[in-house]
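**Student:**
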Ligand code: KG4
Ligand code: ZN
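Numbering (our numbering), first residue to last: 385 to 796.
As structure tokens, this is what we get:
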């Protein structure tokens, strides 16, 4: 079974093809992400209409590349002549329908029409697509692209919740030909649930109770900024560029090694740990961002320059302290067997090692974390989620006529 997956919920355009063998083992045939970081960096954050424009530009070239890489793009003349599509007498109706589907994405339509007519239908069984949550104009591009392919190639669409995709990047697949960390589940796969997933990205910070595959309940979430968003905003204040997470993480690591080297343990830049003792599982990162702002206002530019690393390290530690405390107390309350980390911020080395140490050494729970390349937005995670939905017979095969993007889609 082959799943073509499409992700366009924010500023990364992702297209991937996963093949599952009869034993249900997945193999990534191709997985490409086109990042728009450089385009949005100028604005210090993602501009939805620019994201829409870039998804329109990127989707078809990426599709071609993944099909070619997966050896699914048949291109010989005889094959084209034999192809039903090119001889199809309903060609006019097909063109009209594709025009209607991609009415709001004319640039994508212009690219898609010659492609879809030229190449025979590839050997793909399903098209999976992120239909929410995310930026509405960005989501629609991927959804409409999937609708067009589903209609023209006559294959079912599986809509996937982006957050479920991030979580699915963790599911045990030893043969997944991606650098997946070895999974050592205590007591085997049956001992996975109940689990708590901490999903931390640029758009979300949620604690999700998972009773079994597909059974999700949000037990806490941010009341304002997402963790990744806070990293991005603080980086902007420090003049570090976008996205802020990786830059702050690098500076914090540099500070840490220097501080260890010099045995510096005093920190003059203590920041708050918002809501750490609130007694619930909600978060708030907006106050932390403001605390950094007030701190910077009291400093001269040269003081800021000298202290950038230590501020980055303190800010990162404040975020990690809150995330860790809430995750551990939720795991305790719900008596979970596993803690799962997911989302773009899951790439943060200090967060990974902090949680891993406490969870596996001190609490003896399973700890799952995706390989770094599957933390940021990608289409492989969407294909993985679609596959799990299919195997658990809960895949909602959508109709290309009615599928919609849902910016505020909730997982529970
Ligand atoms: O999941 P993702 O790719 O997109 C959304 O769904 O939002 O997450 C992007 C976010 C950005 O805010 C970025 O700054 C953050 O993940 N991020 C990190 C790191 N790498 C990416 N945050 C902290 N540390 C990192 N190493
Ligand atoms: Zn994401």
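Where a beta carbon is used, it is the ideal one built from N, C-alpha and C, also for glycine.
Taking residue 726 as the reference, which of 719, 711, 716 has the closest Cα?
**Tutor:** Locating residue 726 in the chain shown gives position 342, where the first residue counts as 1. Checked all of 719, 711, 716; the closest Cα to residue 726 is 711.
**Student:** Just list the alpha helix (DSSP H) runs in the segment 653 to 729, keeping only unbroken ones of 4 residues or longer that don't cross its boundaries, in chain order.
**Tutor:** Within the segment 653 to 729, the complete alpha helix (DSSP H) runs of at least 4 residues are 670 to 681, 685 to 717.
**Student:** Looking at the ligand KG4, does it come within less than 7 Å of residue 757, judged from the CB to the closest heavy atom?
**Tutor:** Taking the first residue of the chain shown as position 1, residue 757 is located at position 373. Flag unset: Cβ of residue 757 not near the ligand KG4.
**Student:** Should residue 475 go down as buried or exposed, given a rule of 16 or more other Cβ atoms within 10 Å for buried?
**Tutor:** One-based indexing of the chain shown puts residue 475 at position 91. By the 10 Å Cβ count, residue 475 comes out exposed.
**Student:** Along the chain, where does the alpha helix (DSSP H) that runs through residue 814 open and close?
**Tutor:** Residue coverage of the chain in this structure runs from 385 to 796, which leaves residue 814 outside it and unanswerable.
**Student:** Please state whether DSSP places residue 514 in a helix, a strand or coil.
**Tutor:** Start at 1 with the first residue of the chain shown, and residue 514 comes out as number 130. The answer is strand: DSSP assigns residue 514 an E or B state.
**Student:** Using the DSSP secondary-structure output, state which residues sit across from residue 590 in a beta bridge.
**Tutor:** Here residue 590 refers to the residue found at position 206 of the chain shown. 583, 605.
**Student:** Residues around the ligand ZN, please: the ones whose beta-carbon is closer than 6 Å to some heavy atom of it, in chain order.
**Tutor:** This selection yields 546, 550, 585, 727, 728, 761.
**Student:** Below 8 Å on the Cβ atoms is my guess for residue 330 versus residue 693; work out the distance and round it to an integer in Å.
**Tutor:** Here the chain covers residues 385 to 796 and nothing more, so residue 330 does not appear.
**Student:** Contact between the segment 438 to 457 and the segment 514 to 528 is defined here as three or more beta-carbon pairs at a separation below 8 Å; is this criterion met?
**Tutor:** Because the criterion of three Cβ pairs below 8 Å is met, the segment 438 to 457 and the segment 514 to 528 touch.
**Student:** Pick from 761, 548, 641: whose alpha carbon is nearest that of residue 598?
**Tutor:** In the chain shown, counting from the first residue as 1, residue 598 sits at position 214. Checked all of 761, 548, 641; the closest Cα to residue 598 is 548.
**Student:** Around the Cβ of residue 561, are there at least 16 other Cβ atoms within 10 angstroms (buried) or fewer (exposed)?
**Tutor:** As a first step, residue 561 is located in the chain shown; it is residue number 177 there, counting from the start. Because the pLDDT at residue 561 is just 41, under 50, the model does not fix this residue reliably, and the value given afterwards should be weighed accordingly. That one is exposed.
**Student:** Would you kindly work out how many angstroms separate the C-alpha atoms of residue 579 and residue 479, rounded to a whole number?
**Tutor:** Position 195 of the chain shown holds residue 579. Position 95 of the chain shown holds residue 479. Each residue's Cα considered, the two are about 47 Å apart.
**Student:** Hey, is residue 667 close to the ligand KG4, as in C-beta under 7 Å from one of its heavy atoms?
**Tutor:** Numbered from its first residue, the chain shown carries residue 667 at position 283. Residue 667 Cβ: outside cutoff for every heavy atom of the ligand KG4.
**Student:** Reducing DSSP to helix, strand and coil, say where residue 567 ends up.
**Tutor:** Reading the chain shown from its first residue, position 183 is the one you call residue 567. In this prediction, residue 567 has a pLDDT of 44, which is less than 50 and means its spatial position is unreliable; what the coordinates show is noted afterwards. Coil.
**Student:** Quick check for students: name the residue ranges of the alpha helix (DSSP H) that lie wholly in the segment 761 to 789, counting only runs of 4 or more.
**Tutor:** List check, alpha helix (DSSP H) in window: 764 to 775.
**Student:** Does the contact criterion of 3 or more C-beta pairs under 8 Å hold for the segment 526 to 536 versus the segment 390 to 409?
**Tutor:** Contact holds: three or more Cβ-Cβ distances are below 8 Å.
**Student:** Return helix, strand or coil for residue 489, following the three-state DSSP convention.
**Tutor:** Taking the first residue of the chain shown as 1, we reach residue 489 at position 105. Residue 489: coil per DSSP, three-state reduction.
**Student:** Excluding sequence positions up to five away, which residues of its chain have a Cβ less than 6 Å from the Cβ of residue 796?
**Tutor:** Taking the chain shown and counting its residues from 1, the one referred to as residue 796 is at position 412. Only 600, 601, 602 meet the Cβ criterion.
**Student:** In whole angstroms, give me the CA-to-CA distance for residue 772 and residue 625.
**Tutor:** What you label residue 772 is simply residue 388 of the chain shown in a count that begins at 1. What you label residue 625 is simply residue 241 of the chain shown in a count that begins at 1. Roughly 37 Å between the two C-alpha positions.
**Student:** Could you spell out where the beta strand (DSSP E) holding residue 575 opens and where it closes?
**Tutor:** Here residue 575 corresponds to residue number 191 of the chain shown, with the count starting at 1. Careful: residue 575 lies outside any beta strand (DSSP E) and carries neither H nor E.
**Student:** Between residue 615 and the ligand KG4, is there a pair consisting of the residue's CB and a ligand heavy atom that are separated by less than 7 Å?
**Tutor:** Here residue 615 is taken as the residue at index 231 of the chain shown, counted from 1. Because some heavy atom of the ligand KG4 lies under 7 Å away, the Cβ of residue 615 counts as near it: yes.
**Student:** Taking Cβ positions, are residue 614 and residue 536 nearer each other than 8 Å?
**Tutor:** What you label residue 614 is simply residue 230 of the chain shown in a count that begins at 1. What you label residue 536 is simply residue 152 of the chain shown in a count that begins at 1. No. Outside cutoff.
**Student:** Under the criterion of a Cβ to heavy atom distance below 7 Å, does residue 509 qualify as lining the ligand KG4?
**Tutor:** Counting from 1 along the chain shown, the entry for residue 509 is found at position 125. No - the ligand KG4 has no heavy atom lying nearer than 7 Å to the Cβ of residue 509.
**Student:** What is the rounded straight-line gap between the Cα of residue 678 and the Cα of residue 608?
**Tutor:** What you label residue 678 is simply residue 294 of the chain shown in a count that begins at 1. What you label residue 608 is simply residue 224 of the chain shown in a count that begins at 1. If I take the Cα positions, the gap works out to 18 Å.
**Student:** Residue range of the beta strand (DSSP E) that residue 421 falls in?
**Tutor:** Taking the first residue of the chain shown as 1, we reach residue 421 at position 37. Residue 421 -> not in any beta strand (DSSP E); alpha helix (DSSP H) instead, spanning 421 to 425.
**Student:** Can residue 396 be considered in contact with the ligand KG4, in the sense that its beta carbon sits closer than 7 Å to one or more heavy atoms?
**Tutor:** On the chain shown, position 12 is the one that residue 396 refers to. Answer for residue 396: yes, Cβ within range of the ligand KG4.
**Student:** Any heavy atom of the ligand KG4 within a distance shorter than 7 Å of the CB on residue 750?
**Tutor:** Translated into the one-based positions of the chain shown, residue 750 becomes position 366. No, since every heavy atom of the ligand KG4 falls outside the 7 Å radius drawn around the Cβ of residue 750.
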